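Below: one structure, written as C-alpha cells.
Residue numbers (the numbering used here): 414 to 581.
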C-alpha cells in the first residue's frame with residue numbers, strides 16, 4: 414500500500430472543490446485516508462472499496478462511528494455492479510489503483526459500463542504514476558485536466574454520456 418502524500422491530498426480537494434453533501438466513492442481505498450477526508454469535508458454518503466482484508470478491518474474501524482460512511486471489502490470489479498444494483502449514484506469518484514498495472518484502462522471501461530452509478534455531473538479522479546500513460550483514445554470519457562506532483566499525477570475525467578465505452 415502506498416499512502417497519498419499530504420501535498421497530493423490537499424491538492425485533490427482544492428481541485429475538486431466543495432464536497433459538502435456530495436456522494437463520494439473511493440476505489441482502492443487502502444488506509445481510507447481519502448474517504449475519511451471526504452467525510453470530514455461533508456461528503457455524504459462516502460463509500461470506500463478495498464479488497465485487502467487487513468486494510469478492510471482498519472477501514473471498518475475508521476467508519477464505525479461515522480454515519481453514511483460505508484466500506485465494501487471486495488475487488489473493484491465486483492463492487493461496481495454491486496453498488497449499481499443497490500442504486501448508488503456518485504458525484505465524485507476517486508481511484509488510486511496500484512501504479513502501472515493497467516487499471517486506468519480497465520476502470521474507464523468498467524465505470525462507463527456502470528454509468529448508472531454516476532450523477533450527470535460526476536467527476537472521476539485518478540491518482541497515477543507519471544510513468545503510467547493514459548489510453549490514447551477514450552471515447553466515453555473526456556479528460557478535463559491533469560496536475561503533477563513529483564511522480565504523482567491527478568487526472569480528472571467526466572463521462573461523455575451516450576458515447577461508446579471504447580478505450581485504446
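Heads up, the beta-carbon is just placed ideally off N, CA and C, and yes, glycines get one too. Quantities reported herein were computed from a predicted structural model and do not represent experimental measurements.
Query: To the nearest angstrom, how far is the alpha carbon of residue 527 from that of residue 553?; Result: 12 Å
Query: Mind checking whether residue 497 and residue 536 have CB atoms under 7 Å apart?; Result: no
Query: With a cut-off of 8 Å, do at least 3 Cβ pairs link the region 492-511 to the region 474-482?; Result: no
Query: Identify the continuous alpha helix (DSSP H) that holds residue 503 and give its terminal residues.; Result: Unbroken run through residue 503 is the beta strand (DSSP E), 503-508; no alpha helix (DSSP H).
Query: Are the CB atoms of residue 488 and residue 464 nearer to each other than 7 Å?; Result: yes
Query: Name the two residues that bound the continuous alpha helix (DSSP H) containing residue 559.; Result: Run containing residue 559: none in the alpha helix (DSSP H); it sits in the beta strand (DSSP E), 554-562.
Query: What residues match up with residue 460 in a beta bridge as DSSP calls it?; Result: 438 and 483
Query: Please determine if the region 455-463 and the region 423-440 are in contact, where contact requires at least 3 C-beta pairs separated by less than 8 Å.; Result: yes
Query: Rounded to whole angstroms, how far is the Cβ of residue 545 from the Cβ of residue 567, which I believe are closer than 8 Å?; Result: Wrong, their Cβ atoms sit about 13 Å apart, outside the cutoff.
Query: Would you say residue 518 and residue 494 are within 7 Å of each other, going by their C-beta atoms?; Result: no
Query: For residue 538, write down the residues that DSSP places opposite it in a beta bridge.; Result: 507 and 569
Query: What does DSSP give as the partner residue(s) for residue 531 in the beta ladder?; Result: 503
Query: Assign residue 431 to buried or exposed, taking buried as 16 or more other Cβ atoms, counted over all protein chains shown, within 10 Å of its Cβ.; Result: exposed
Query: CB-CB under 7 Å to residue 570, same chain, minus the five flanking residues each way: which ones, in chain order?; Result: 537, 554, 555, 556 and 557
Query: Does residue 534 pass the burial test, meaning 16 or more other C-beta atoms within 10 Å, or should it be called exposed?; Result: exposed
Query: Taking the alpha-carbon positions, what's the residue 476 to residue 484 distance?; Result: 7 Å
Query: Would you tell me roughly how many angstroms separate the C-alpha atoms of residue 468 and residue 563, rounded to the nearest one?; Result: 26 Å
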